[in-house]
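**Q**
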Amino acid sequence: MAFQTSYASVPNRIETLELWVSEDAGVTWTTPIWSRTGDELSAVTEYRPWVPLTSEDWQDHFVDLSDYIDLPTVRLAWVATNGQGQRLYLRDLELFLDNNPSPFPVREAAPMAVWPVPTEENSVQVTLALESTEAITIQVISSRGALLFELEEERGLNQTYSIDASQWQAGVYFVRLQSEQSPYTTRMVLLR
């Protein structure tokens, strides 16, 4: 799970943010699986009421939830402890189908990112950032128009797909996303 926090610490008045998990639908909660406090949440000290104004005011976080994927009655709970300091903000909670701790940032205007680009690697990653679950098709097309890869997914959302590019030659390729929102195409460059 990826998410962002924004917080400015005040000395001797420290807030704590924790993520707890229950494996029995909330009957018991043992210990937090993620916890940050004070300077772990922010490197900024601010005595005025804190309001995040720029993207630099936000910190990215990641929690690997793969231990809980196959459990039928998992519940998550955020617990914020008020230390009479500053406001604590939490936003952009995203659940992914993989445990990549640093998914490639997708621009707000784009529903998809292809990375790394350019690359000499044998695989490329396609990360989706859709507003809702929907049927999608991802295609890779050569500069000559040949369809090299196609993946159809009934329930695409915010996830990363790995595409094997080991058999493709160096060159420019186009990655197309067809979804209910709208089609989107970007390019990728393979170096060999």
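Counting with the numbering used here, you get residues 87 to 278 for the letters of the sequence shown.
Just so it is clear, CB atoms sit at the ideal spot from N, CA and C, and this is done for glycine as well.
Since the structure is predicted, the reported quantities are computational estimates derived from the model, not experimental observations.
Counting only the same chain and skipping the five closest in sequence on each side, list residues whose C-beta sits under 6 Å from that of Thr-223.
**A** The answer, listed in chain order, is Glu-238 and Gln-264.
**Q** Measuring straight from C-alpha to C-alpha, what distance separates Val-96 and Gly-169?
**A** Answer to the nearest angstrom: the Cα atoms are 10 Å apart.
**Q** Please classify Gln-255: is it buried, with 16 or more other beta-carbons within 10 angstroms of its beta-carbon, or exposed?
**A** Result: exposed.
**Q** Straight-line CA distance for Val-130 to Tyr-93?
**A** Straight-line Cα distance between these residues: approximately 8 Å.
**Q** Just to confirm, does Thr-91 get its C-beta within under 6 Å of one of the non-hydrogen atoms of the ligand PLP?
**A** The model depicted lacks the ligand PLP and carries no ligand whatsoever.
**Q** Could you give the C-beta distance for Ala-111 and Arg-177, rounded to a whole number, given that I count them as a contact under 8 Å?
**A** Rounded, the Cβ-Cβ distance is 26 Å, inconsistent with contact.
**Q** To the nearest angstrom, report how far apart Thr-114 and Glu-217 are at their CA atoms.
**A** Looking at the two C-alpha atoms, the distance is approximately 33 Å.
**Q** Does the distance from the CB of Arg-273 to the CB of Val-258 come in under 7 Å?
**A** Yes, they are a contact pair.
**Q** May I have the straight-line CA-CA distance separating Gln-211 from Leu-181, to the nearest angstrom?
**A** If you take the alpha carbons of Gln-211 and Leu-181, they lie about 17 Å apart.
**Q** Contact defined as beta carbons within less than 8 Å: I believe Met-87 pairs with Leu-179. What is the distance between those atoms, to the nearest angstrom?
**A** Their Cβ separation, rounded to whole angstroms, is 7 Å, which keeps Met-87 and Leu-179 in contact under 8 Å.
**Q** Going residue by residue through the region 132-172, where are the continuous beta strand (DSSP E) segments of at least 3 residues, counting only ones entirely within it?
**A** Listed in chain order, they are 145-148 and 161-167.
**Q** Could you give the residue range of the beta strand (DSSP E) that holds Val-275?
**A** Note, Val-275: beta strand (DSSP E), 270-276.
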